[in-house]
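Notes follow the structure.
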Amino acid sequence: MKIRTVDLTKAYHLGPSEIIAVNRVSFEINEPNFIAIIGPSGSGKSTLLNLIGLNDAPTSGKIFIDNADAALLSSSKRRKIRLLRMGFVFQTFNLLPTLNALENVELPMALAGKPKKEQRVKAKKLLENVSLGSRLFHRPKELSIGEMQRVAIARALANNPEIIIADEPTGELDSKTAKEIIALLYEVNRKEKTAIIVATHDEKIVDAADKIYTIQDGRLRLQDNAIFSQK
Amino acid sequence: MKTRLLTFCFRNLFRRKVRTVLCIIGVALATTFVVAVGAATMRYATVIKEMNVLFNGQIMVVDKNAIVIQAIPMGGSLLPKEFTGKIQNISGVEEAAPILFITPIGIGEIIQPVPVNFTIGIPIEHWHLILDSIPLKGNVGHYPTNESSNEIVIGASLADQYNWTVGKQVTMLSRELEIAGILDTKMALLNRCIIMPLQLAYKIYPTYTDSVNIITVKPVQGYPLQNLTDAIESKLPSLKALTEDERYDMIQPILAQIEVWNIGIQTVVFIMSLILVMTVTIMSVSERRRDFATLDAMGAPLSYVFRVVILESSLIGILGGALGIALGSLAALILASLYTNIPLAQFFPTFYEIIPPFYMLETFIAIVAVCCIGGIIPAINATRMRIAEALRAEY
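Chains as they are written, first to last, in the working numbering: chain D, 1211 to 1441; chain C, 1285 to 1679.
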């Protein structure tokens, strides 16, 4: 999946003042890289990810998905892209509390219309892959936060997405669990050839990234030492 | 997918158990009220309509000042029995019969909103005018054959209530009577009737001797009814003669009024249910903004989100409606029992006559539809949520 943004801008109006959360961002993702976007709170990381993930519309500028202008795509086409080609991991996991781990992972497949049996087999496999084979029928409130985030990653992988967009996936985790989650994302990136784009201020993620962007006052910059080879 | 959706919605609903249960109880109470009031008024209307069937195609002659509710004269003076002979001589009259219609009799001695029972006294040669082809229960017994006998026939409901059987001796106002037969009919009025020869009625109620309150007239076939009523009224100016249509016209405004009140009450109750379900569902959607935003971010179709909310509000209607129908049916039976002084247990075998299944179904569909409609605005809210804002919000 190729994502390209051109002068992407998102402004919010708070009373008479205008806050530019994302300011003329132009960048490209065309390989299954592990990309980290770092920046302080309020710098525009989440807003940028929401724009890239087609969860929000830019104030100006363009997003191209495989060279197609996202603004020209219908709402249902954008949904289909999110459902079938993108996976989302949130800081607060956002698991549906009334569904157990297995059902949470099955849900994107069910929404994509996959057969029930296939959903079950694949969801089990994904949960086993994230070491949750023994927690299939536990509801989110019965899981630890690390387990919840692993369920969220399994859910993001359910429809074999080409890209996973993760917004501060280790923000709520202790350092040991955070390490495990980073390792998991890294493994997904390498094994499944799934592009990962992570907004974070976790240095451990930065260490794992192929490309690092910094964002400050909505402006995105590629770090000089962008390509890491120590992994 | 459908089963999973249903399970998902059930779990969502019962995530807030107290609120959901209270909402279901609210909807159930509304349904109970609609069923109980609706069934009671419908029952009255049916009984009133049935009365006309008793005198199908006949002209009823009553005192000019009497109000006639279908077949029952209320108020007005009694008519001398000899008027029957005068009417019989009018051209176009095939048969005229004097009827004494008394309510209530001694049993219970309490004036009820709906009379507990009725006594009809009619000369035996004219019984066919009201009982025409009504058989006796189990083909046991017979209609009285002698005007001076002490034999009576009774309605099945009365027989069941007092355990009266054919051949049993009963005492009515100190007079020994024998049950000659039990009527086999579904008509509520006849089910609560004691029918006896007119002479016997006079013996039980001596104050009425040689008086009647109705003279029923069977016209010669094809004779213009209006001409006949005009002829009766001109010959006996103190009386009024009413055709079936005229009797129906007299009662129609009352029935229409009952209907209007019924619809009015139902509308108010349904609107209250709508507001209740809408409020609860709006609260539920607003508490679960993050869940809906997550579904949205995952690419769930808008129709899926819409269906989740609509199904949740409909489930409240289904559960509340089912509970309400059950409670309402029981309440309707209790009301019928209280109003008629008939033991509650006696209504159970034929409860579907008090609360017709079609009415239950209609009410159930209506309450589910109301709850479904109550979910529309919250469902629209859920689909119009701005994902980015909802995901960012803290709860």
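Heads up, the beta-carbon is just placed ideally off N, CA and C, and yes, glycines get one too.
Here the structure is a predicted model, which is why all the values come from computation and not from measurement.
Worksheet item: At a Cβ threshold of 8 Å, is C/Tyr1328 touching chain D?
Response: Along the second sequence, read from residue 1 onward, the residue named residue 1328 of chain C stands at position 44. Cβ-Cβ to chain D under 8 Å: no for C/Tyr1328.
Fill in: Close-in-space but distant-in-sequence residues of the same chain around D/Thr1219 (CB under 7 Å, 5 per side omitted)
Translated into the one-based positions of the first sequence, residue 1219 of chain D becomes position 9. Ile1230, Val1232, Asn1233, Arg1234, Pro1268, Thr1269, Ser1270 and Gly1271, listed in sequence order.
Discussion item. Between D/Asp1217 and chain C, is the shortest Cβ-Cβ distance under 8 Å, so that the two count as touching?
Written reply: Your numbering for residue 1217 of chain D matches position 7 in the first sequence. No - not a single Cβ of chain C is within 8 Å of the one on D/Asp1217.
Discussion item. Would you say D/Arg1292 lies against chain E (beta-carbon separation less than 8 Å)?
Written reply: Absent here is chain E; the protein component of the structure consists of chains D and C.
Item to complete: Could you check how far apart the C-beta atoms of C/Ala1421 and C/Arg1459 are, in whole angstroms? I think they sit under 8 Å.
Response: Counting from 1 along the second sequence, the entry for residue 1421 of chain C is found at position 137. Counting from 1 along the second sequence, the entry for residue 1459 of chain C is found at position 175. Just to set this straight, residue 1421 of chain C is Lys in the shown sequence, not Ala. Actually they are not in contact, since the Cβ atoms of C/Lys1421 and C/Arg1459 sit about 24 Å apart, beyond 8 Å.
Practice prompt. Grab the span of the alpha helix (DSSP H) containing C/Pro1641 for me, first residue to last.
Written response: The residue you call residue 1641 of chain C lines up with position 357 of the second sequence. Element bounds for C/Pro1641: Pro1641 to Gly1658.
Discussion item. At the level of alpha carbons, what is the spacing between C/Phe1642 and C/Ile1549?
Written reply: Against the second sequence, residue 1642 of chain C aligns to sequence position 358. Against the second sequence, residue 1549 of chain C aligns to sequence position 265. Spanning the two alpha carbons is a distance of roughly 19 Å.
Discussion item. Given this structure, state the Cα-to-Cα distance separating D/Asn1339 from D/Ile1262, to the nearest angstrom.
Written reply: Position 129 of the first sequence, counting from 1, holds the residue named residue 1339 of chain D. Position 52 of the first sequence, counting from 1, holds the residue named residue 1262 of chain D. Rounded to the nearest angstrom, the two C-alpha atoms are 27 Å apart.
Fill in: Candidates C/Cys1655, C/Thr1368, C/Ile1657 and C/Ile1639, of which the one nearest C/Ile1516 by Cα
The residue labelled residue 1516 of chain C in the question sits at position 232 within the second sequence. Of the candidates C/Cys1655, C/Thr1368, C/Ile1657 and C/Ile1639, the residue whose Cα lies closest to the Cα of C/Ile1516 is C/Thr1368.
Item to complete: Give the C-beta separation of D/Ile1245 and D/Asp1420 to the nearest angstrom, bearing in mind that I take them to be a contact with Cβ-Cβ under 8 Å.
Response: Reading the first sequence from its first residue, position 35 is the one you call residue 1245 of chain D. Reading the first sequence from its first residue, position 210 is the one you call residue 1420 of chain D. At roughly 7 Å, the Cβ-Cβ gap stays under 8 Å, so D/Ile1245 and D/Asp1420 are in contact.
Item to complete: With a cut-off of 8 Å on the beta carbons, I'd call C/Ile1414 and C/Ile1406 a contact; round off their distance for me.
Response: Within the second sequence, residue 1414 of chain C is the residue found at index 130, counting from 1. Within the second sequence, residue 1406 of chain C is the residue found at index 122, counting from 1. The pair is a contact, with the Cβ atoms about 7 Å apart (cut-off 8 Å).
Worksheet entry | Residues near C/Val1398 by beta carbon distance below 8 Å, same chain, minus five either side | Residue 1398 of chain C sits at position 114 when you count from the first residue of the second sequence. Here the model assigns C/Val1398 a pLDDT of 49, short of 50, so the residue's position is not dependable, and the following value carries that caveat. Its chain contains Tyr1328, Val1331, Tyr1623 and Thr1624 as the residues whose beta carbon lies nearer than 8 Å to that of C/Val1398, once the 5 sequence neighbours on both sides are disregarded; these appear in chain order.
Worksheet item: Which residues of chain C have a Cβ atom closer than 7 Å to the Cβ of D/Leu1394, listed in chain order?
Response: In the first sequence, counting from the first residue as 1, residue 1394 of chain D sits at position 184. Chain C residues near D/Leu1394: none, gap ~19 Å exceeds 7 Å.
Worksheet item: What do you get for C/Lys1452, buried or exposed, if any count of 16 or more other CB atoms within 10 angstroms of its CB means buried?
Response: For the purposes of this step, residue 1452 of chain C is identified with residue 168 of the second sequence, where counting begins at 1. By the neighbour-count rule (16 or more Cβ atoms within 10 Å), C/Lys1452 is not buried but exposed.
Worksheet item: Taking the continuous alpha helix (DSSP H) assigned at D/Ala1362, which residues delimit it?
Response: If you number the first sequence from 1, residue 1362 of chain D lands on position 152. Secondary structure note for D/Ala1362: its alpha helix (DSSP H) is the uninterrupted segment Ile1355 to Ala1366.
Discussion item. If we require 3 or more residues per run, which beta strand (DSSP E) segments fall completely within the region 1515-1580 of chain C?
Written reply: Secondary structure in the region 1515-1580 of chain C: the beta strand (DSSP E) runs of 3 residues or longer, each lying completely within the stretch, are 1523-1526 in chain order.
Worksheet item: Which term fits C/Ile1395, buried or exposed, when burial requires 16 or more other beta carbons within 10 angstroms of its beta carbon?
Response: Here residue 1395 of chain C refers to the residue found at position 111 of the second sequence. Residue placement at C/Ile1395 is flagged as unreliable, the pLDDT there being 42, under the threshold of 50; a coordinate-derived value is accordingly withheld.
Worksheet entry | C-beta neighbour in chain C for D/Asp1266, strict 8 Å | As a first step, residue 1266 of chain D is located in the first sequence; it is residue number 56 there, counting from the start. Using beta-carbon distances, D/Asp1266 counts as an interface residue toward chain C, with a partner under 8 Å.
Worksheet entry | DSSP bridge partner residues for C/Gly1465 (one or two, in chain order) | The residue given as residue 1465 of chain C occupies position 181 in the second sequence. Looking at the DSSP output, C/Gly1465 bridges to C/Gly1425 and C/Val1437.
Worksheet item: What span of residues does the alpha helix (DSSP H) with C/Leu1413 cover, start to end?
Response: Residue numbering aside, residue 1413 of chain C sits at position 129 when the second sequence is read from its first letter. His1412 to Leu1415 is the extent of the alpha helix (DSSP H) around C/Leu1413.
Item to complete: List the whole-angstrom C-beta distance separating C/Ala1615 from C/Phe1631, where the pair is believed to meet the contact cut-off of C-beta under 8 Å.
Response: Within the second sequence, the letter at position 331 stands for residue 1615 of chain C. Within the second sequence, the letter at position 347 stands for residue 1631 of chain C. C/Ala1615 to C/Phe1631, Cβ: 12 Å. No contact.
Discussion item. Could you compute how far the alpha carbon of D/Glu1390 sits from the alpha carbon of D/Ile1375?
Written reply: As a position in the first sequence, residue 1390 of chain D is number 180, starting the count at 1. As a position in the first sequence, residue 1375 of chain D is number 165, starting the count at 1. Straight-line Cα distance between these residues: approximately 18 Å.
Practice prompt. Round the Cβ separation of C/Leu1617 and C/Asp1347 to the nearest angstrom and send it over; I've been treating them as touching at under 8 Å.
Written response: As a working note, residue 1617 of chain C is residue 333 in the second sequence. As a working note, residue 1347 of chain C is residue 63 in the second sequence. Between C/Asp1347 and C/Leu1617 the Cβ distance is about 37 Å, and since that is not below 8 Å, they are no contact.
Worksheet item: Which class does C/Ile1491 belong to by DSSP, given the choice of helix, strand or coil?
Response: Mapped onto the second sequence, residue 1491 of chain C falls at position 207. The residue you asked about is not Ile; residue 1491 of chain C is Thr in the sequence shown. If DSSP states are grouped into helix, strand and coil, C/Thr1491 belongs with the helices.
Discussion item. Which residues does DSSP list as the beta-bridge partners of C/Pro1503?
Written reply: By one-based count along the second sequence, residue 1503 of chain C stands at place 219. Within the DSSP secondary-structure output, C/Pro1503 pairs in a beta bridge with C/Val1377.
Worksheet item: From the beta carbon of C/Arg1299, is the nearest beta carbon of chain D less than 8 Å away?
Response: Numbered from its first residue, the second sequence carries residue 1299 of chain C at position 15. Judged by the 8 Å Cβ criterion, C/Arg1299 is in contact with chain D.
Worksheet item: Quick one: does C/Asp1575 have its CB under 8 Å from some CB of chain D?
Response: Here residue 1575 of chain C is taken as the residue at index 291 of the second sequence, counted from 1. For C/Asp1575, at least one C-beta of chain D is nearer than 8 Å to its own C-beta.
Worksheet item: Can you tell which of D/Ser1285, D/Arg1349, D/Lys1335 and D/Ile1291 has the C-alpha that lies nearest to the C-alpha of D/Asn1304?
Response: Within the first sequence, residue 1304 of chain D is the residue found at index 94, counting from 1. When C-alpha distances from D/Asn1304 are compared across D/Ser1285, D/Arg1349, D/Lys1335 and D/Ile1291, the shortest belongs to D/Arg1349.
Discussion item. Can you check whether the C-beta of C/Met1669 is within less than 8 Å of a C-beta belonging to chain D?
Written reply: Indexing the second sequence from 1 puts residue 1669 of chain C at position 385. So no, C/Met1669 is outside the interface.
Worksheet item: Buried or exposed: which applies to D/Glu1357, given that a residue is buried once 16 or more other Cβ atoms fall within 10 Å of its Cβ?
Response: Here residue 1357 of chain D refers to the residue found at position 147 when the first sequence is read from its first residue. So D/Glu1357 ends up on the buried side.
Discussion item. In the DSSP output, which residue or residues are listed as bridge partners for C/Leu1617?
Written reply: Residue numbering aside, residue 1617 of chain C sits at position 333 when the second sequence is read from its first letter. Answer is none; C/Leu1617 lacks a bridge partner.
Fill in: Start-to-end residues for the beta strand (DSSP E) that takes in D/Asn1233
The residue given as residue 1233 of chain D occupies position 23 in the first sequence. According to the DSSP assignment, D/Asn1233 belongs to the beta strand (DSSP E) that extends over Ser1227 to Ile1239.
Practice prompt. Using a Cβ-Cβ cut-off of less than 9 Å, give me the residues of the region 1553-1570 of chain C that come near chain D, in sequence order.
Written response: Residues of the region 1553-1570 of chain C that bring their beta carbon within less than 9 Å of a beta carbon in chain D are absent altogether.
Worksheet item: Using 8 Å as the limit for Cβ to Cβ distance, is D/Leu1283 near chain C?
Response: What you label residue 1283 of chain D is simply residue 73 of the first sequence in a count that begins at 1. Not a single C-beta of chain C is nearer than 8 Å to the C-beta of D/Leu1283.
Worksheet item: Closest to D/Thr1410 by CA distance: which of D/Tyr1423, D/Thr1404, D/Glu1402 and D/Met1211 is it?
Response: Sequence index remark: in the first sequence, residue 1410 of chain D carries index 200 (1-based). D/Thr1410 has its Cα closest to that of D/Tyr1423, out of D/Tyr1423, D/Thr1404, D/Glu1402 and D/Met1211.
Practice prompt. Alpha carbon to alpha carbon, how far is C/Thr1513 from C/Lys1519? Give it in angstroms, no decimals.
Written response: Position 235 of the second sequence, counting from 1, holds the residue named residue 1519 of chain C. Position 229 of the second sequence, counting from 1, holds the residue named residue 1513 of chain C. Distance between the alpha carbons of C/Lys1519 and C/Thr1513 is about 10 Å.
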